[in-house]
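Asks:
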Ligand SMILES: *Cc1c(COP(=O)(O)O)cnc(C)c1O
């Protein structure tokens, strides 16, 4: 099976497995795991932040961030199709006692400064007050769109003008940075916190990092513990995460393969393909997405349904150019 369901399906490399075996470890709840400490230090540096925190998943990173930035009963502004709003089990309501105010983004999933300006409410005797703005880059539901650093800066600035902090869901921030040939830290210049997944295109088996100011991370560490995310000899999983941080530049190969897949699929009957900006390819199908994917699965290609007629294929480092060509040949028989 050529598994294009997600970039989370990658298996750790031999180097990652060896690094896990050989990792120097300690109890990370006491902050005594040298490998975790090293990962947090290097992640903070790469992301242009003072400090970072290793978390078991991207979802936990986002939820810890939201909870750390806000007080219960406040509102959080986010894009209508953002991961935090749609795919995190209403965690903002369950963990943070937050009210969500979804805003309409552009068709690339970008929130404009004007939209944010209009969405902010100040606290008074009737209104809860806006506690946080959350942005996403790359934007998953819009098709892995790489939002420009200037656009992130401007929208974050609009929130700051109202005294509202900004969290960036950068699950695939490496893809956004590589696609635009800028550093990770350039992507986070105006935001107050950022979450990056090590376990997607970067290839680690487990884990994400949350980064921000030293004071923010100190408070976030308590929230992580509260949610059950305080791990002990976590260097075993942080060591592959350190290797994953070095894989950012490698993402360019995934983007090239995504373009190849999109160009080839666009020549097949019954499919309409969105031009990819990173490693995600969105395909509109004439028949229903589930019917199309069932046939794909029969011929050994995996994807996921995003909507009634919308399918997502995601490129990652366990598929190469040959696999893409094979996948296209197989999908052609389905069409
Ligand atoms: C995958 C993803 C997450 C959550 O990460 P998990 O490690 O799967 O919990 C958050 N945001 C976006 C945009 C994602 O794609």
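Residue numbers (this note's numbering): 0 to 334.
Ideal placement from N, C-alpha and C gives every residue a C-beta, glycine not left out.
Taking residue 14 as the reference, give the member of 170, 236, 179, 269 with the closest Cα.
Replies: Ranking 170, 236, 179, 269 by Cα distance to residue 14 puts 236 first.
Asks: Please classify residue 217: is it buried, with 16 or more other beta-carbons within 10 angstroms of its beta-carbon, or exposed?
Replies: Burial call: exposed.
Asks: For residue 307, which residues in the same chain have their Cβ closer than 7 Å to its Cβ, ignoring the five residues on either side in sequence?
Replies: These residues qualify, in order along the chain: 287, 288.
Asks: Write down the C-beta distance between residue 45 and residue 303 rounded to the nearest angstrom, noting that I regard them as a contact closer than 8 Å.
Replies: The pair is not a contact, with the Cβ atoms about 29 Å apart (cut-off 8 Å).
Asks: Any heavy atom of ligand 3 within a distance shorter than 6 Å of the CB on residue 295?
Replies: Of the ligands one can find in the structure shown, namely ligand 1, none is ligand 3.
Asks: At which residues does the alpha helix (DSSP H) containing residue 37 begin and terminate?
Replies: Its alpha helix (DSSP H) spans residues 33 to 46.
Asks: In the DSSP assignment, the alpha helix (DSSP H) including residue 186 goes from what residue to what residue?
Replies: Residue 186 -> no alpha helix (DSSP H), and no H or E assigned at all.
Asks: Classify residue 224 as buried or exposed, calling it buried when 16 or more other Cβ atoms lie within 10 Å of its own Cβ.
Replies: Exposed, since its Cβ has fewer than 16 Cβ neighbours within 10 Å.
Asks: Could you tell me the boundaries of the beta strand (DSSP E) in which residue 311 lies?
Replies: Its beta strand (DSSP E) spans residues 309 to 313.
Asks: Residue 261: which of 290, 187, 313 sits nearest, CA to CA?
Replies: The option with the nearest alpha carbon to residue 261 is 313.
Asks: With contact counted as at least three CB pairs below 8 Å, one residue from each stretch, are the stretch 169 to 181 and the stretch 136 to 148 in contact?
Replies: The answer is yes - the stretch 136 to 148 touches the stretch 169 to 181, with three or more Cβ pairs under 8 Å.
Asks: Spell out the partners DSSP gives residue 52 in its beta bridges.
Replies: Per DSSP, 209.
Asks: In the DSSP assignment, find the beta strand (DSSP E) that holds residue 98 and state where it starts and stops.
Replies: Its beta strand (DSSP E) spans residues 98 to 102.
Asks: Any chance the CB of residue 56 is under 6 Å from a heavy atom of ligand 1?
Replies: Yes, Cβ of residue 56 sits closer than 6 Å to a heavy atom of ligand 1.
Asks: Quick check: what's the CA-CA separation for residue 305 versus residue 278?
Replies: So the alpha carbons of these two residues sit roughly 16 Å apart.
Asks: Evaluate residue 88 with the Cβ neighbour count: other Cβ atoms within 10 Å of its Cβ, from every protein chain shown; 16 or more gives buried, anything less gives exposed.
Replies: Residue 88 is exposed by the Cβ-count criterion.
Asks: When the distance is taken between beta carbons, is residue 75 closer than 7 Å to residue 91?
Replies: Against a cut-off of 7 Å, the Cβ pair of residue 75 and residue 91 comes out as a contact.
Asks: Whose CA, out of 257, 86, 240, 104, lies closest to the CA of residue 42?
Replies: Out of 257, 86, 240, 104, 240 has the C-alpha closest to the C-alpha of residue 42.
Asks: Tell me the residue span of the alpha helix (DSSP H) that contains residue 167.
Replies: Per DSSP, residue 167 belongs to no alpha helix (DSSP H); it is in the beta strand (DSSP E), 165 to 169.
Asks: Within 6 Å: the Cβ of residue 168 and any heavy atom of ligand 1?
Replies: Checking every heavy atom of ligand 1 against the Cβ of residue 168, one is found closer than 6 Å.
Asks: Less than 7 Å between the C-beta atoms of residue 166 and residue 133, yes or no?
Replies: A contact, by the Cβ cut-off of 7 Å.
Asks: Just mark residue 0 as buried or exposed, buried being the case when its beta carbon has 16 or more other beta carbons within 10 Å.
Replies: With fewer than 16 other Cβ atoms within 10 Å, it is exposed.
Asks: Looking at residue 146: is its Cβ nearer than 7 Å to the Cβ of residue 109?
Replies: Yes, the Cβ-Cβ distance between residue 146 and residue 109 is below 7 Å.
Asks: Considering only the alpha carbon of each residue, which of 256, 284, 269, 196 lies closest to residue 321?
Replies: Nearest of 256, 284, 269, 196 to residue 321, Cα basis: 256.
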